[in-house]
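See below for the structure under consideration.
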Amino acid sequence: MPGPSIVWFRDDLRLADNPALRAALERDEPVIGLYVLDEESPGIRPLGGAARWWLHHSLASLADRLRERGGTLVLRRGPAGRVVRETVTDAAAGAVFWNRRYGGHERDIDADLKSRLRDDGVEVASFAGSLLFEPWTVKTGAGTHFSVFTPFWRACLGLPTPRPPLPEPREVDGPRRAPASDTLDDWALLPREPDWAGGLRETWEPGEPAARRRLRAFLADDLDGYDRARDEPSAGATSLLSPRLRWGEVSPHTVWHETLDAGQGGRFLSELGWREFAWHTLYHFPELATRNLRPEFDSFPWPRLKPSLLRAWQQGRTGVALVDAGMRELWHTGYMHNRVRMVAASFLVKNLLIDWRRGEEWFWDTLVDADDANNPFNWQWVAGSGADAAPYFRIFNPELQAKKFDGDRHYVREWAPEHLGDPPPTPVVDLGESRKAALAAYEHVKRAARS
């Protein structure tokens, strides 16, 4: 039926390579961009503080870019199923387009909304815009989903090459009169009292233009040395694209093809594959953030929580240099180098014997790149309870990791310089004794699995 087209933006806050936006433009009716802040639908996880900061600025950038091209971005808050239908009514819209989501609760919302809108005579279509390979397209020879990364990625690479990215539209003609909209200030996404986001402002510039600049800079300056230097936290060799991909300011298709156009791929593209693996796992196991993927870990004998140890870890006051440096980098910048993330997570779970879900919750609140798939997926990987997980007996020794990947102490000197003093801080636990306790706990899990 006639009427404007609504593009429901979600984790795809960009104009380039946006299949839903392209479909709306091809319909040749006025286009209304819509973003719904949904913290009320059952099962939807409210955003953490760092994510809310990023969302504010990314939405501001998207709104500006749409406005420059003649379009508009409507902001509304509430249960998405209800809010989208209300917006359709207010705008007398004839079509709604979106790019697909893969979490269980999100899929339920989208399927119900699609059915209701079609019953109302509204055209609805969804598209693949956030993953290179959708979860139902990658299967084992037995027709099941993969639980190990290497064969998963091999199967992905055996599928048709991911499509080329779509060009950015030059014009986005909006309606003469847009529906009523909230303002970003109405949503109070930014921290005020206290304003703890100074380090985030120093470190990041959210938005699609900055994302594209970052991708090009990485491909020009750092891709050649990525395989060699990616594990060194002070080397500056990582792409820093994870929050850009999390918010969809750049698409994985764009990253894929521009990387290949740069004449390389290899390990860096396999990191895109790991992101795909996380989302595929969430698709098949929607409770990834709260339940052990491997049920034998339900019997893990977590000791009674000692809040003082959890706080020491959160604040970077454990007395372990690499862990403290990483946790302070996280608090200041909303980001932590991947190698250090593994070390800090392993220390929480396997030295402090604190449930991985506590760490996942802290990262959810403090990381600018935390999403529903990668954050719990990687915590379960470290804990040993997830897909293709590190064996529980593989316990990162943070002192050896520091010697291997921060031998010159540049990273520790930047974020936890007191560890270079004489004497350095005393660790809150003995690394050797806590390792023995972790191995004993793992033996309990193995015995429970056999019984």
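Each residue of the sequence shown is one higher than the one before, counting from 1 in full-length UniProt numbering. All C-beta atoms, glycine included, are put in the ideal place defined by N, C-alpha and C.
(message) Can you tell me which residues form a DSSP beta bridge with TYR411?
(response) For the purposes of this step, residue 411 is identified with residue 411 of the sequence shown, where counting begins at 1. Its beta-bridge partners do not exist; DSSP assigns none.
(request) Evaluate ALA80 with the Cβ neighbour count: other Cβ atoms within 10 Å of its Cβ, from every protein chain shown; 16 or more gives buried, anything less gives exposed. (result) Reading the sequence shown from its first residue, position 80 is the one you call residue 80. It counts as buried.
(request) Round the Cβ separation of PRO206 and ASP369 to the nearest angstrom and send it over; I've been treating them as touching at under 8 Å. (result) If you number the sequence shown from 1, residue 206 lands on position 206. If you number the sequence shown from 1, residue 369 lands on position 369. Actually they are not in contact, since the Cβ atoms of PRO206 and ASP369 sit about 11 Å apart, beyond 8 Å.
(request) Please name the residue in TRP279, LYS350 and ARG45 whose C-alpha comes closest to that of ALA373. (result) On the sequence shown, residue 373 is found 373 positions in, with the first residue counted as 1. Comparing Cα-Cα distances from ALA373 to each of TRP279, LYS350 and ARG45, the minimum goes to TRP279.
(request) Specify the secondary structure class of VAL428 as computed by DSSP and reduced to three states. (result) For the purposes of this step, residue 428 is taken as residue 428 along the sequence shown, with counting starting at 1. Coil, per DSSP.
(request) Please report the residue range of the beta strand (DSSP E) in which LEU123 lies. (result) Start at 1 with the first residue of the sequence shown, and residue 123 comes out as number 123. Checking the displayed sequence, the identity of residue 123 turns out to be Glu instead of Leu. Element bounds for GLU123: 123 to 127.
(message) So for TYR442, helix, strand or coil by DSSP?
(response) Locating residue 442 in the sequence shown gives position 442, where the first residue counts as 1. Three-state DSSP puts TYR442 in a helix.
(request) Note the first and the last residue of the continuous beta strand (DSSP E) segment covering TYR35. (result) Within the sequence shown, numbered from 1, the residue matching residue 35 stands at position 35. Residues 31 to 37.
(message) Please list the terminal residues of the continuous alpha helix (DSSP H) segment that includes ARG275.
(response) Mapped onto the sequence shown, residue 275 falls at position 275. Note, ARG275: alpha helix (DSSP H), 266 to 284.
(request) Out of GLN264, VAL320 and LEU59, state which residue places its alpha-carbon closest to the alpha-carbon of PRO423. (result) By 1-based counting over the sequence shown, the position of residue 423 is 423. It is VAL320 whose Cα lies nearest to the Cα of PRO423.
(message) For LEU309 and ILE354, I'd like the C-alpha separation in whole angstroms.
(response) Indexing the sequence shown from 1 puts residue 309 at position 309. Indexing the sequence shown from 1 puts residue 354 at position 354. Going by the C-alpha atoms only, they are around 9 Å apart.
(request) Look at the Cβ atom of GLU258, then the Cβ atom of LEU223, and state whether they are nearer than 8 Å. (result) Numbered from its first residue, the sequence shown carries residue 258 at position 258. Numbered from its first residue, the sequence shown carries residue 223 at position 223. No, Cβ-Cβ distance for GLU258 and LEU223 is not below 8 Å.
(request) Per DSSP, which residues does residue 452 bridge with? Please list them. (result) Here the chain comprises residues numbered 1 to 451, so residue 452 is not present and cannot be evaluated.
(request) Give the DSSP bridge partners of ARG77, in chain order. (result) For the purposes of this step, residue 77 is taken as residue 77 along the sequence shown, with counting starting at 1. According to DSSP, ARG77 bridges with LEU37.
(message) Can you look up GLY263 in the DSSP assignment and give me helix, strand or coil?
(response) Indexing the sequence shown from 1 puts residue 263 at position 263. GLY263 falls in the coil class under three-state DSSP.
(request) With DSSP as the reference, label GLY240 as helix, strand or coil. (result) Within the sequence shown, numbered from 1, the residue matching residue 240 stands at position 240. Checking the sequence, you will find Leu at residue 240 rather than Gly. Reduced to three states, the DSSP call for LEU240 is coil.
(request) Would you tell me roughly how many angstroms separate the C-alpha atoms of GLU276 and LEU113, rounded to the nearest one? (result) The residue given as residue 276 occupies position 276 in the sequence shown. The residue given as residue 113 occupies position 113 in the sequence shown. Rounded to whole angstroms, GLU276 to LEU113 spans 26 Å at the Cα level.
(message) DSSP three-state label for ILE109, please.
(response) Taking the first residue of the sequence shown as 1, we reach residue 109 at position 109. Three-state DSSP puts ILE109 in a helix.
(message) Restricting to runs no shorter than 4 residues, where is the alpha helix (DSSP H) found entirely within the segment 172 to 237?
(response) 184 to 187, 198 to 203, 208 to 221 and 226 to 229
(message) Checking 8 Å against the spacing of the C-beta atoms, do PRO252 and LEU272 come in under that value?
(response) One-based indexing of the sequence shown puts residue 252 at position 252. One-based indexing of the sequence shown puts residue 272 at position 272. Result yes, Cβ atoms of PRO252 and LEU272 sit closer than 8 Å.
(request) Give a yes or no on whether the C-beta atoms belonging to ASP11 and SER130 are separated by under 8 Å. (result) In the sequence shown, residue 11 corresponds to position 11, counting from 1. In the sequence shown, residue 130 corresponds to position 130, counting from 1. Cβ distance < 8 Å, so ASP11 and SER130 count as in contact.
(request) Kindly confirm or deny that the segment 46 to 58 and the segment 23 to 30 touch, where touching means at least three C-beta pairs closer than 8 Å. (result) no
(request) Can you tell me which of the three DSSP states GLN315 falls into? (result) By one-based count along the sequence shown, residue 315 stands at place 315. GLN315 falls in the coil class under three-state DSSP.
(message) Here's the rule: buried if 16 or more other CB atoms are within 10 angstroms of the residue's CB, otherwise exposed. What is ALA217?
(response) The residue labelled residue 217 in the question sits at position 217 within the sequence shown. Its Cβ having fewer than 16 others within 10 Å, ALA217 is exposed.
(request) Tell me where the alpha helix (DSSP H) around LYS404 begins and ends. (result) Taking the first residue of the sequence shown as position 1, residue 404 is located at position 404. Where LYS404 is concerned, the enclosing alpha helix (DSSP H) stretches over 398 to 405.
(message) For TRP302, tell me which candidate among SER239, SER126, LEU439 and TYR335 has the shortest Cα-Cα distance.
(response) If you number the sequence shown from 1, residue 302 lands on position 302. Ranking the options by Cα distance to TRP302, first place goes to LEU439.
(request) May I ask you to report which of helix, strand or coil DSSP gives MET336? (result) Here residue 336 refers to the residue found at position 336 when the sequence shown is read from its first residue. Residue state, collapsed to three classes: coil.
(request) Please classify PRO307: is it buried, with 16 or more other beta-carbons within 10 angstroms of its beta-carbon, or exposed? (result) For this step, residue 307 is matched to residue 307 along the sequence shown. It is exposed - the Cβ of PRO307 has fewer than 16 other Cβ atoms within 10 Å.
(message) Quick check on HIS419: does DSSP put it in helix, strand or coil?
(response) Walking along the sequence shown from the start, residue 419 turns up at place 419. Correct three-state label for HIS419: helix.
(message) One question on the structure: do GLN401 and LEU322 come within less than 8 Å of each other, judged by their Cβ atoms?
(response) As a working mapping, residue 401 is identified with position 401 in the sequence shown. As a working mapping, residue 322 is identified with position 322 in the sequence shown. Their beta carbons are under 8 Å apart, which means GLN401 touches LEU322 by this criterion.
(request) Whole angstroms is fine: what's the gap from ARG213's alpha carbon to PHE268's? (result) Here the question's residue 213 lines up with position 213 in the sequence shown. Here the question's residue 268 lines up with position 268 in the sequence shown. Cα to Cα, the separation comes out at about 18 Å.
(request) Hey, could you find the ends of the alpha helix (DSSP H) ASP64 is sitting in? (result) Locating residue 64 in the sequence shown gives position 64, where the first residue counts as 1. That run of the alpha helix (DSSP H) goes 49 to 68.
(request) Determine contact between the segment 163 to 182 and the segment 65 to 78, defined as no fewer than three beta-carbon pairs at a distance below 8 Å. (result) yes
(request) Specify, as a first and last residue, the run of the alpha helix (DSSP H) that ARG14 falls within. (result) Along the sequence shown, one-based indexing puts residue 14 at 14. Careful: ARG14 lies outside any alpha helix (DSSP H) and carries neither H nor E.
(request) Quick one: residues in its chain with C-beta nearer than 6 Å to the C-beta of ALA389, no 5 flanking neighbours on either side, listed in chain order? (result) Taking the sequence shown and counting its residues from 1, one reaches residue 389 at position 389. If we look at ALA389 and ignore the five residues flanking it on each side, its Cβ neighbours are TRP381.
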